[in-house]
DNA sequence: CCACAATGATGTCAACGACAACATCGTGGG
DNA sequence: CCCACGATGTTGTCGTTGACATCATTGTGG
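Chains as they are written, first to last, in the working numbering: chain A, 1 to 194; chain B, 195 to 388.
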């Protein structure tokens, strides 16, 4: 039996294939035509769902933020212990995502997004809402100094992003990541005593 | 008068044009043929100096590390004041480089370098030697806890890299960078008292 | 002074993104 | 019931790119 003329849910299939290729081969080797081949459609078909390559990348970034949000929330929900332990669990989850899907993360923060900045920004805010709440909790408990939670979050976020970059750049081995995250979090709290 | 058949120093001209294009348009729009056009040479000429595109990118990364090293050293040499002030000046210079040449920096740490990893790694070590010495000085002075200087440097480096990423991703405005660096450095030292 | 290495020019090929024209499917109004 | 139309997929084409092969020019050392 021939494959039906209509794929069924080509859009989702393309996004899935793209995410896999992105993880295994990086962004340079991501080609619309190759994705079409993998999914078994003609080279012109993706155009119905993504007017151009950038649209595909934007969609990838958006779905990436959704998954990131889920993973952060799951990590925090599963964490037990004091504030530092909960913060460390969340930070570790972020770094795991950032290193496991490095190319995708780069896409998410690429800034090169065409006119869709609105959707993406909302998706990003949803993803980081968990962390934001966690920081507010820390400030109430006195583990973190009071002040603009966004400001504190920025520095913490920057540190985690940087630790992930250490791995991506091949500067540290994967098995040192958890240790680095733990030290960074501990140090951060030590420098933030209320 | 026609341009002479031989360009004279095509390699350097290509690197210069590439660095400019990289800064103004990003890595996606960096094409060997376009560079050849800008320099006034045929599309096949660059091949004599860079066997493929990746070779050009590797060379760019290497020269980038050299310039980064110079800028870090210059910033540190020009800095006056106590250890924190000197560290802040160096960190600020790094973030300035990382945000002014974001695409180039991404290239430098891309990890995708073909077999030339050796040369690049040496260039990177030379560039960061200044920071390494500065950290050792801090440990002698007691401003930083004793311990593996590389370990301390990694966390500091990660934080600066992350702050630069905040700017690159459009999360913070350029005029907040210095302030963020200053706070990060201060916080780092507060969490590292010997 | 000339043969040769270094450097640049020209031509070609396959892959890609963008686009247009055409084909197929399913669904809802008449 | 059916068929017109919109949604979706196909095929063909164009311009650009990176890689490669072959040829042209230049300067230099034996």
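Yeah, the Cβ is synthetic: ideal placement off N, Cα and C, and Gly gets one too.
Same chain, Cβ closer than 7 Å to residue i, neighbours up to 5 away in sequence not counted
{"i": "residue 183(A)", "result": "none"}
{"i": "residue 68(A)", "result": "97, 127"}
{"i": "residue 207(A)", "result": "Residue 207(A) lies beyond the residue range present for chain A, which begins at 1 and ends at 194; the question has no answer from this structure."}
{"i": "residue 91(A)", "result": "160, 181, 185"}
{"i": "residue 93(A)", "result": "71, 72, 75"}
is_contact[residue i, chain B] using C-beta, thresh 8 Å
{"i": "residue 130(A)", "result": "no"}
{"i": "residue 139(A)", "result": "no"}
{"i": "residue 142(A)", "result": "no"}
{"i": "residue 158(A)", "result": "yes"}
{"i": "residue 187(A)", "result": "yes"}
{"i": "residue 109(A)", "result": "yes"}
Endpoints, the alpha helix (DSSP H) within which residue i is located
{"i": "residue 171(A)", "result": "Careful: residue 171(A) lies outside any alpha helix (DSSP H) and carries neither H nor E."}
{"i": "residue 382(B)", "result": "371-384"}
{"i": "residue 233(B)", "result": "226-233"}
Contact with chain A by residue i, beta-carbon distance below 8 Å
{"i": "residue 269(B)", "result": "no"}
{"i": "residue 309(B)", "result": "no"}
{"i": "residue 378(B)", "result": "yes"}
{"i": "residue 355(B)", "result": "yes"}
{"i": "residue 215(B)", "result": "no"}
{"i": "residue 366(B)", "result": "yes"}
{"i": "residue 348(B)", "result": "yes"}
{"i": "residue 312(B)", "result": "no"}
{"i": "residue 195(B)", "result": "For residue 195(B), the predicted model reports a pLDDT of 47, less than 50, meaning its position is unreliable and no value from the coordinates is stated."}
Residue i, DSSP secondary structure in three states
{"i": "residue 310(B)", "result": "coil"}
{"i": "residue 303(B)", "result": "coil"}
{"i": "residue 145(A)", "result": "coil"}
{"i": "residue 222(B)", "result": "coil"}
{"i": "residue 193(A)", "result": "coil"}
{"i": "residue 4(A)", "result": "coil"}
{"i": "residue 332(B)", "result": "helix"}
{"i": "residue 356(B)", "result": "helix"}
{"i": "residue 347(B)", "result": "helix"}
{"i": "residue 43(A)", "result": "coil"}
Residues of its chain near residue i, where Cβ-Cβ distance is below 8 Å and the 5 sequence neighbours each way are ignored
{"i": "residue 65(A)", "result": "108, 120, 123, 124, 126, 127"}
{"i": "residue 254(B)", "result": "209, 212, 213, 216, 298, 301"}
Kindly provide the ranges of any alpha helix (DSSP H) runs that are 4 or more residues long and lie completely inside the stretch 244-288 of chain B, ordered along the chain.
-> DSSP runs (the alpha helix (DSSP H)) wholly in the stretch 244-288 of chain B: 247-272.
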